Amino acid sequence: MRHFTCLLTLGAFAVAAFATIKNDASSVDMVREALLRLEKDLRRDLADQQRWANVEEREKYLHLIKAYERFGNQVDERFPLDREDHLDSLDSLWLWARAQHEIKGINGLYGLFRQMQREILELNAPIDIKQLANFAETILRDPNASIPRALDRIATLIINEKLFIAAFQVQMAVTRKDCNRGDNSSSPRPWSFRGIIMKTG
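Those letters in the sequence shown? Residues -19 to -1, 1 to 182, by mature numbering (1 follows the signal peptide of the UniProt record, and there is no 0).
The following block contains the structure:
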């Protein structure tokens, strides 16, 4: 049950971590805070032995899955994964390609997590505890696929390999090139850098 709760929490963190926002980082902070409150509430709910005394184990899992599905729906609505991020000028930057690779892996796990939720809730698929525990183990500890390790690799790109500095240099080169041609359409866009920050967590 503990791994499953971690799986659900990390799945929701994945989408929150990469949500692009319109005005400032406080939107993501609010989502993160809501997620932490949800986890606390669910732990309290599950600790209420009277509530669960005459309930099948499946109902406990369904309670968790439904709660995280509602949360995921709210996050997906607020921060759709197919949003425009205005980062096309970074496509030639190899550091960005590496960060994008890590992000795609996290988004893939999140997509699989959401699919598993839909199958259980909408298609009434059986809850395979072993499969969910294995999936949680992958998300938490797999050396190549775990979300914490992917986020660590992204942090390394940002801090040690200076992804933001490289992105700024690429943006400035594009701006200079466009200015030399008399095209002002690609002047430095602060939301591009905010997009990088939000896309890389």
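We put the CB at the ideal spot given by N, CA and C, even for glycine.
Computed from a prediction, not measured in an experiment: that's the story for all the values here.
Residue i, DSSP secondary structure in three states
i: R79; result: helix
i: L90; result: helix
i: L102; result: helix
i: R162; result: coil
i: D69; result: helix
i: D10; result: helix
i: I110; result: helix
i: L144; result: helix
i: residue 201; result: With the chain represented from -19 up to 182, any question about residue 201 goes unanswered, as that position is not in the structure.
i: N4; result: Confidence in N4 is poor, its pLDDT being 42 and thus under 50, which makes the residue's placement too unreliable to answer from.
Cβ of residue i within 8 Å of any chain B Cβ
i: K47; result: Absence of chain B from the displayed structure is noted, only one protein chain being present.
Assigned exposure category for residue i - 16 Cβ within 10 Å defines buried
i: S73; result: exposed
i: M153; result: exposed
i: I2; result: With a pLDDT of 37 at I2, under the threshold of 50, the predicted position of this residue should be treated as unreliable, though the coordinate-derived value follows. Classification for I2: buried.
i: S148; result: Residue identity differs from the one stated: residue 148 is Ala in this sequence, not Ser. Classification of A148: buried, given that the 10 Å Cβ count is 16 or more.
i: A34; result: exposed
i: V9; result: buried
i: V36; result: exposed
i: W75; result: exposed
i: R95; result: buried
i: I140; result: exposed
i: I146; result: exposed
i: A117; result: buried
i: A106; result: exposed
i: A136; result: exposed
i: A131; result: buried
i: P124; result: exposed
Checklist entry - Which runs of the alpha helix (DSSP H) spanning at least 4 residues fall entirely within the region 114 to 142, listed in chain order? => result 128 to 140
Item to check | Every unbroken alpha helix (DSSP H) within the region 20 to 64, with a cutoff of 4 residues, ordered by chain | outcome: 30 to 33, 38 to 59
Checklist entry - Can at least three beta-carbon pairs, one atom from the region 73 to 88 and one from the region 13 to 20, be found at a separation below 8 Å? => result no
Checklist entry - Is the number of C-beta pairs between the region 85 to 105 and the region 37 to 57 that are closer than 8 Å three or more? => result yes
Checklist entry - Contact between the region 38 to 48 and the region 22 to 30: three or more CB pairs below 8 Å? => result yes
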